[in-house]
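Report on the following structure.
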Amino acid sequence: MDLRQTNYKQNLSAIQEFILVGYQAYPTLLFAVFLATYAAILLGNGLIVVVTTMDPALRTPMYFFLRSLSGLEMCYTSVTLPKMMANLMSGDRSISLPGCATQMFFLLFLGGTECFLLAVMAYDRYLAICLPLHYMTIMSQRVRVGMVVGSFIVSLPMQLWQIGIIFSLPFCGSNEIDHFFCDIPPVLSLACADLSTNELTVYVESILFVIIPFLLILASYVQISKTILCMPSATGRQKTFSTCSSHLTVVILFYGSAMIVYLRPKTPESVKVNKLLSLLYTIIIPLCNPLIYTLRNREVKAAFRKLLRKKKPLALGTGIIG
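Using the working numbering, you'd call the opening residue of the sequence shown number 45 and step up by one each time.
Structure below.
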């Protein structure tokens with residue numbers, strides 16, 4: 045009995061790193077795709093940050109929140125994609141135990157922050173459409189900065205607690221994580237302990253960071269829909285709805301994939317589905333956000349054109365001087 049306990053403890057202490065399995069086929073092709081995607085995410089979201097900062101016409105609460113979301117998306121993607129590319133390039137798919145915990149913390153922390161930030165953006169649209177006369181008074185600079193900072197602060201303690209209880213578990217047997225990065229479901233599947241407390245914590249966190257913000261967004265859009273339907277002009281209704289459609293598209297994609305991953309009952313098929321959905325909310329949505337928010341937004345497109353016109357004469361002038 046003592047010998048078996050000794051071997052068991054040795055097995056536990058032997059796991060000092062995990063192997064991120066991901067997809068092993070076509071590593072060069074995947075690296076090229078991820079590199080191009082990462083560059084596009086940084087460029088697209090970075091341009092939104094620059095344009096909404098430089099153009100005086102876009103220094104409104106709505107674009108302040110859009111700028112915050114774009115900055116958050118760049119950080120969120122940087123948690124996973126650089127490590128994924130490094131693993132593909134080197135062929136070494138290992139990640140240390142502290143590295144895995146750090147990656148999971150920032151993934152959950154920034155993901156939880158995005159949930160609340162999307163709810164804040166929905167509330168901003170509610171105020172602008174349903175209470176337009178009081179909008180600028182309520183949504184002062186101090187209030188909107190407080191809302192963004194609050195979205196970060198609310199997420200922090202819960203994620204620290206979540207990481208603490210997950211990585212205090214004993215891990216034994218296989219150290220292969222069937223995923224691209226360290227996420228809760230695949231890491232918990234490697235633990236050799238009673239997971240009832242951890243699974244309950246995941247559901248509680250999902251309710252706090254996914255369900256509650258989603259219900260707040262839903263309530264905001266119910267009121268927005270009532271206001272839009274009461275507008276006498278069809279043109280006015282269409283114009284007002286267009287200011288919300290981009291945000292609504294992002295909400296559906298982000299919350300839909302997150303709910304399926306974290307709230308769906310576990311099945312043998314769920315592992316493959318979760319891997320694909322994880323790419324949706326960690327890579328595809330940050331990639332599409334700049335397109336979603338610019339293609340349907342005349343003000344942002346006009347600001348882009350203005351910025352390009354300013355840069356073009358500068359570039360020509362530089363070339364003449366050279």
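Heads up, the beta-carbon is just placed ideally off N, CA and C, and yes, glycines get one too.
Item, Value
"C-beta contact flag for F285 and I272 at 8 Å", "yes"
"Neighbourhood of T97 by C-beta, 6 Å cutoff - its chain only, sequence neighbours within 5 removed", "none"
"Same chain, Cβ closer than 6 Å to I365, neighbours up to 5 away in sequence not counted", "The pLDDT assigned to I365 is 38, lower than 50, so where the model puts this residue is not dependable; a value taken from the coordinates is nonetheless given after this. None."
"Nearest-angstrom Cα separation, counted from G280 out to F225", "45 Å"
"Alpha helix (DSSP H) segment containing I209, residue limits", "185-210"
"Cross-strand partners of E61 (DSSP beta bridge)", "S140"
"Exposed unless 16 or more other CB atoms sit within 10 angstroms - verdict on T241", "exposed"
"Chain-order list of residues whose beta-carbon lies under 6 Å from that of I85 (same chain, five-residue window excluded)", "T121, P330, L331"
"F215 - DSSP class collapsed to helix/strand/coil", "strand"
"Exposure label - Y107; buried when at least 16 CB within 10 Å", "buried"
"Any 3 or more C-beta pairs closer than 8 Å across the stretch 263-270 and the stretch 241-251", "no"
"Of the listed residues I63, I210, S290, nearest to K127 (C-alpha basis)", "I63"
"For A235, three-class secondary structure by DSSP", "strand"
"Local Cβ density within 10 Å of P105, reported as buried at 16 or more and exposed below that", "buried"
"DSSP bridge partner residues for I221 (one or two, in chain order)", "L64"
"Spatial neighbours of A76 in its chain, beta-carbon cut-off 8 Å, leaving aside the 5 residues before and after", "none"
"Delimiting residues of the alpha helix (DSSP H) encompassing F108", "105-134"
"Residue interval of the alpha helix (DSSP H) (run including Y247)", "240-250"
"Best match in Q267, Q282, I182, L87 for proximity to N341 [C-alpha to C-alpha]", "Q282"
"Cα-Cα separation, S289 to V93", "20 Å"
"Straight-line gap, M165 to F196 (C-alpha atoms, nearest Å)", "14 Å"
"Where D238 falls, given that 16 or more other Cβ within 10 Å makes a residue buried", "exposed"
"Distance between beta carbons of Y82 and L125, contact taken as under 8 Å", "5 Å"
"Inter-residue spacing [alpha-carbon to alpha-carbon] between G190 and V198", "12 Å"
"Beta-carbon proximity of A347 to L102, cut-off 8 Å", "yes"
"Own chain residues within Cβ distance below 7 Å of Q185, not counting five before or after", "none"
"Status (buried if at least 16 other CB within 10 Å, exposed otherwise) for C236", "exposed"
"Sequence-distant residues of the same chain with beta carbon closer than 7 Å to I296, five excluded per side", "none"
"S264 in three-state terms, based on DSSP", "helix"
"Where the alpha helix (DSSP H) containing T97 begins and where it ends", "71-98"
"Which of helix, strand or coil DSSP assigns to D168", "helix"
"Sub-8 Å separation of V231 and A302 beta-carbons", "no"
"Reduced DSSP category for M148 - H, G, I as helix; E, B as strand; rest coil", "helix"
"Straight-line gap, L324 to L161 (C-alpha atoms, nearest Å)", "18 Å"
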